[in-house]
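To start, the structure under review is shown below, and the notes come after it.
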Amino acid sequence: MEYKTHIVTSMTFAVPMLSVTDELTVINLGAVVLGSLFPDIDHPRSYVGQKAKIVSRVTNKTFGHRGATHSLLALAIIYIMGNVFAQTYLAASLAYVPFWFAWGYLLHLLEDGFSRDGIRFFWPLQKKPWHLGGKFLRYKTSSLSEHIFFGFVVCLLLVEVKMLWQGQLESLFSGEFLSRLQTWLLELQNKLT
Ligand SMILES: [Zn+2]
Numbered sequence: 001m002e003y004k005t006h007i008v009t010s011m012t013f014a015v016p017m018l019s020v021t022d023e024l025t026v027i028n029l030g031a032v033v034l035g036s037l038f039p040d041i042d043h044p045r046s047y048v049g050q051k052a053k054i055v056s057r058v059t060n061k062t063f064g065h066r067g068a069t070h071s072l073l074a075l076a077i078i079y080i081m082g083n084v085f086a087q088t089y090l091a092a093s094l095a096y097v098p099f100w101f102a103w104g105y106l107l108h109l110l111e112d113g114f115s116r117d118g119i120r121f122f123w124p125l126q127k128k129p130w131h132l133g134g135k136f137l138r139y140k141t142s143s144l145s146e147h148i149f150f151g152f153v154v155c156l157l158l159v160e161v162k163m164l165w166q167g168q169l170e171s172l173f174s175g176e177f178l179s180r181l182q183t184w185l186l187e188l189q190n191k192l193t
């Protein structure tokens, strides 16, 4: 999936969630966007890979594309490290930035899971990739199917922005389960460390 499709798709899924938890800020939305690009650091020609060439080449040579960085293990490690960083250096008002970064990261993995090549969520234990959309609901990167999907998510995001403007988005569903998940994850990490 191209970086712009990752960004718009992830924003489409994140904006309602940020809105119902009353955490829709530029910083949290930025964290989602960064998280949705980060896994492709293992591809030197990807958008994020071109920004951090050395890290990208090393990651690519060590793990290959869609290896370690496209796994739930990497997601967990990055989330834990993000929380340690946030608790040490960031203000209390930014406590959920790592959560939203991890949310963007997870969305990237799910989005790649629908691609023709699939991904190995349980790397390094999993050898064969999973295809979340089965045999039929899958796309090839930069193909017509991806471009059509991109147009669809852009429209969806515009609808969300309109709803947000009209004050309808925050009451779309209850954000209580998300707030509980955020607290539970933080408590779990504090217990373990
Ligand atoms: Zn990817």
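UniProt numbering puts the first residue of the sequence shown at 1, with every later residue one more than the last.
All C-beta atoms in this analysis are idealised placements derived from N, C-alpha and C, irrespective of residue type, glycine included.
According to the DSSP assignment, residue 158 belongs to the alpha helix (DSSP H) that extends over 144 to 165. Secondary structure of residue 115 (DSSP, three-state): strand. Excluding the 5 residues flanking it on each side, residue 49 has same chain C-beta neighbours closer than 7 Å at 40, 41, 43 and 56, in chain order. Per DSSP, residue 11 is one residue of the alpha helix (DSSP H) stretching across 3 to 20. Taking the Cβ atoms as the reference, residue 101 lies roughly 4 Å from residue 35, within the contact range of under 8 Å.
For residue 89, DSSP assigns no beta-bridge partner whatsoever. Exclusion of residue 131 from the 7 Å shell around ligand 1 follows from its C-beta lying no nearer than that to any non-hydrogen atom of the ligand.
With respect to the 8 Å criterion, residue 130 and residue 148 are not classified as neighbours on the basis of their beta carbons.
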